Amino acid sequence: MEFLNFLLILCAAWLVWRRPERERLAFGLLVASCLLMALLFFVGARGSIVPGVNL
Amino acid sequence: MSALTEARLRAILAWVVIVLVSGPVAGAVFLGALHGDSPCILCWAQRTSMVLIALVGLFVIRYGPRPRYVGMVVLLGVFGQYMALRHSGLHLARDIGQGFSAAVFGAHTYSWSWFVHVAALAVIGVLLLFLREVAGAEQPHETRGASRFAFGLFLVVVGANALQAFVSTGPPPFMGQSDPVRLSLNPKHWVWSMDELTSPAPISLRGSWTVPQPEVTAAAADPASARGPLANLPTLAVSGWERVGVPLEGTLRGLARDSATGRYLAVTEGYGVFLLDSTTAQVLHHVALDGGFSIDLTPLTGAAFLGDTLAVVGTNKSWVLLRPDAKADAGEMWRRFRATDGGVSELGRGRFATVRARLQYVLSLAFDPAAQELITVSVPSERQKRLVVSRFARRDRMLSSEFVPRLGAGLAASGEHRSLAEYVVTGAAVAAGRLYAISAAYSTLLVIDLQARTVQAAYAVPGLQHPVGVAVRGSQVLVAQADGRIAVLERPAP
């Protein structure tokens, strides 16, 4: 899934650089990538959302 | 200082993107290529966040500082810091030099991620602070010079990251791993897995740190020793009942007896500490500790005599040392006591650090005069099911040893999955090298040989109600209850 996320990022960067009129699509890819990143992080951190330290 | 024009902002951002991409993001790929370092699933997310911050920088370079770009980079900075702290929290408190995977310039990558996200937010803040007001929607800006180089570098470095991600984590639906193997371009060493989705750990806010404060009342919910984890225990009948002879402010939470003077030390809820005479009919000294001064002292739960020194402990293994003192400094003690009779000084307070009993509360305190060690016994929780005896040197209150007692000869578990961890020790005292520990759960007295580290004997003690403390008086074991009554038991022969 990390591989997929980097592909999304590459697509977004390519659109911004070479197809700047597709800003909405590029920003949508950016948002999707952020959500996928957060999802993967919470999958990895499922045992404890808050750090294992005294709060 | 002159205001920052949008054109200059975009020029600066191009260099920020170049530094961010060529530094931590490209450096991470080099760590993999040169040293075989592979990120774990949490590291991947942190690296992705840094890449996304750089991507937002490219958006600004192309389209100008639109509000949603600013909002996005702030969110990424905040979430990136959360991820770095959450991840570092697994390792920050380990011993010197220990951590996860490779270190760079003395810090591990998850720690560097925190620094990078802080720096990103700081840079954004400074740039916005000096940015001149910009006009509304504009056409995309041309990319040339540093801007063009930033785009090209970004694509190359992120492409390299994508390649590493493919090798290390695989195509969808495979994903990163908690303990990835080192990076190799040889496909036979590639590990593509979905273990993170299939392993059984539930979603939880605090994980193994979800440990509620122990309650004597809850622990004593089942006083029937016959249903306890040890089978066929002999009965030790209560030979008599006594009562604490003076009213104490608050419910009794612990009791100790000084074998040299016969005095008693009682602790109550509300941080009350009472030094009683040998008949318990007279209060010799009394203080109410300030539980919030200096350290977080959870409700008091145990007491012990260390010669003339009085030791009390809270459920979170935080301790306070006191001493009767006719010359107590009233000004100094004001900060430590909410109430005092003026005849007690506090010598200090601190926290017991345990290893085996980590993430466990205690409900008892004892003192071994032969070894000059304080002793606690951990109580189990849903998350941590262990009965651990922890010993601390009186001299520095550091951990001396810990052990999980074994069952001695003649003792047997009452079922295949039963264990000592089901007992909830709420009071303990030492006599003749043995720890007498009363469990509110299943109303059982455990006799633990401190040398052999075994439960030498165990006795069902019917008739107890919410036991909170144990004291030894000659040939007798006294079990104090929360209601102030004291059960007298004849101390069984070794």
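In the order they appear, the protein sequences are chains H and C.
So the first sequence is numbered by our numbering: it starts at 80 and just counts up by one.
So the second sequence is numbered by our numbering: it starts at 226 and just counts up by one.
The beta-carbon is built from N, C-alpha and C at its ideal position, and this holds for glycine as well.
Remember, predicted model here, so these are calculated numbers, not experimental data.
Kindly list, in the order they appear in chain H, the residues whose Cβ is closer than 9 Å to that of residue i.
i, result
"alanine 318 of chain C", "Gly131 and Val132"
"glycine 575 of chain C", "Correct list: empty, because the minimum Cβ distance to chain H is about 15 Å."
"arginine 311 of chain C", "Phe120, Ala124, Ser127, Ile128, Val129, Pro130 and Gly131"
"proline 365 of chain C", "Val95, Pro99, Glu100 and Glu102"
"glycine 331 of chain C", "Ordered by position in chain H, no residue passes the 9 Å Cβ test against glycine 331 of chain C, which lies about 21 Å from the chain."
"glycine 261 of chain C", "Chain H residues near glycine 261 of chain C: none, gap ~17 Å exceeds 9 Å."
"tryptophan 240 of chain C", "The premise fails here: tryptophan 240 of chain C is roughly 17 Å from chain H at the closest Cβ pair, so nothing lies under 9 Å."
"glycine 314 of chain C", "Ser127, Val129, Pro130, Gly131 and Val132"
Could you name the residues of chain H that residue i contacts, counting a contact when the two beta carbons are closer than 8 Å?
i, result
"serine 403 of chain C", "Gly123"
"leucine 422 of chain C", "Val122"
"threonine 368 of chain C", "Trp96"
"alanine 390 of chain C", "Glu81, Phe82, Asn84 and Phe85"
"leucine 283 of chain C", "Ala92, Val95 and Trp96"
"methionine 400 of chain C", "Met80, Glu81, Leu119 and Val122"
"leucine 256 of chain C", "Result: empty, since nearest Cβ-Cβ is about 16 Å, beyond 8 Å."
"tryptophan 559 of chain C", "Correct list: empty, because the minimum Cβ distance to chain H is about 28 Å."
Is residue i near the ligand GDP, judged by its Cβ being under 7 Å from some heavy atom?
i, result
"tryptophan 417 of chain C", "The ligand content of the structure shown is nil, which means the ligand GDP is not present either."
What does residue i reach in chain C if we use C-beta pairs closer than 9 Å?
i, result
"cysteine 113 of chain H", "Thr273, Ser274, Leu277, Met297, Leu300, Leu301 and Phe304"
Leaving out five residues on either side along the sequence, give the residues of the same chain with a beta carbon under 6 Å from the beta carbon of residue i.
i, result
"glycine 633 of chain C", "Thr679, Val680 and Gln681"
"alanine 654 of chain C", "Ala591, Tyr661, Val695, Ala696 and Val697"
"asparagine 541 of chain C", "Thr523"
"leucine 245 of chain C", "Ala279"
"alanine 666 of chain C", "Ala444, Tyr648 and Val649"
"valine 538 of chain C", "Gly527, Trp544 and Leu590"
"valine 382 of chain C", "Val246, Val250 and Ala251"
Which chain H residues sit within Cβ distance under 7 Å of residue i?
i, result
"proline 396 of chain C", "Phe82"
"tyrosine 288 of chain C", "Glu102"
"valine 406 of chain C", "Within chain H, no residue comes near valine 406 of chain C; the closest Cβ sits about 15 Å away, beyond 7 Å."
"glycine 527 of chain C", "Within 7 Å Cβ-Cβ: nothing; glycine 527 of chain C doesn't reach chain H, min ~21 Å."
"tryptophan 544 of chain C", "What tryptophan 544 of chain C touches in chain H: nothing, since even the nearest Cβ is about 17 Å away."
"valine 382 of chain C", "Residues of chain H passing the Cβ test: none, with the nearest at roughly 10 Å."
"asparagine 457 of chain C", "Those within 7 Å of asparagine 457 of chain C in chain H number zero; the least Cβ separation is about 40 Å."
Could you name the residues of the same chain whose beta carbon sits closer than 8 Å to that of residue i, not counting the 5 residues immediately before and after it, in chain order?
i, result
"alanine 551 of chain C", "Gly568"
"arginine 659 of chain C", "Val672, Ile673, Asp674, Leu675, Gln681 and Pro719"
"aspartate 554 of chain C", "Ser570"
"phenylalanine 628 of chain C", "Arg581, Val613, Val614 and Arg678"
DSSP three-state label for residue i, please.
i, result
"serine 626 of chain C", "strand"
"arginine 608 of chain C", "coil"
"tryptophan 415 of chain C", "coil"
"aspartate 420 of chain C", "helix"
"methionine 116 of chain H", "helix"
"glutamate 641 of chain C", "coil"
"methionine 80 of chain H", "coil"
"serine 570 of chain C", "strand"
"leucine 671 of chain C", "strand"
"proline 396 of chain C", "coil"
"glycine 577 of chain C", "Note on identity: in this sequence residue 577 of chain C is phenylalanine, with glycine being the wrong assignment. In the structure shown, phenylalanine 577 of chain C sits in coil (DSSP, three-state: anything other than H, G, I, E or B)."
"leucine 430 of chain C", "coil"
"phenylalanine 325 of chain C", "coil"
"arginine 103 of chain H", "helix"
"alanine 712 of chain C", "strand"
"valine 95 of chain H", "helix"
"leucine 89 of chain H", "helix"
"valine 122 of chain H", "helix"
"valine 704 of chain C", "strand"
"alanine 111 of chain H", "helix"
"glycine 556 of chain C", "helix"
"alanine 718 of chain C", "coil"
"arginine 548 of chain C", "strand"
"alanine 232 of chain C", "helix"
"alanine 634 of chain C", "coil"
"alanine 529 of chain C", "strand"
"alanine 646 of chain C", "helix"
"alanine 682 of chain C", "strand"
"alanine 564 of chain C", "strand"
Can you name the residues of chain C whose CB is closer than 8 Å to the CB of residue i?
i, result
"leucine 104 of chain H", "Correct list: empty, because the minimum Cβ distance to chain C is about 12 Å."
Identify, in the order they occur along the chain, each residue of the same chain with its Cβ nearer than 7 Å to the Cβ of residue i, setting aside the five sequence neighbours on each side.
i, result
"cysteine 90 of chain H", "Leu108"
"arginine 478 of chain C", "Val492, Thr493, Glu494, Pro524, Leu525, Thr526 and Val693"
"threonine 504 of chain C", "Gly470"
Starting from the N-terminal side, write out each stretch of the alpha helix (DSSP H) that is 4 residues or longer and does not extend beyond the segment 438 to 472 of chain C.
-> The qualifying runs are 441 to 444.
Within the segment 236 to 322 of chain C, note down every full alpha helix (DSSP H) run reaching 4 residues or more, in order along the chain.
-> 251 to 260, 266 to 288 and 292 to 313, all fully within the segment 236 to 322 of chain C.
Mind pulling the beta strand (DSSP E) runs of 3 or more residues that sit fully within the segment 473 to 504 of chain C?
-> Here the runs fully enclosed are 477 to 482, 489 to 493 and 497 to 501.
What are the complete alpha helix (DSSP H) segments, minimum 4 residues, inside the segment 327 to 391 of chain C?
-> Runs of alpha helix (DSSP H) with 4 or more residues, each lying fully within the segment 327 to 391 of chain C, are found at 334 to 355, listed in chain order.
Give a yes or no on contact between the segment 255 to 275 of chain C and the segment 121 to 134 of chain H, applying the rule of three or more CB pairs nearer than 8 Å.
-> Here the segment 255 to 275 of chain C makes contact with the segment 121 to 134 of chain H; the two share three or more CB pairs at distances below 8 Å.
Examine the Cβ distances between the segment 248 to 265 of chain C and the segment 403 to 422 of chain C and report whether three or more of them are shorter than 8 Å.
-> In the pairwise beta carbon analysis, the segment 248 to 265 of chain C is classified as touching the segment 403 to 422 of chain C: at least three pairs are separated by under 8 Å.
Decide if the segment 371 to 385 of chain C is in contact with the segment 236 to 252 of chain C; the criterion is three or more beta carbon pairs, one per stretch, under 8 Å apart.
-> Result yes; three or more Cβ-Cβ pairs closer than 8 Å.
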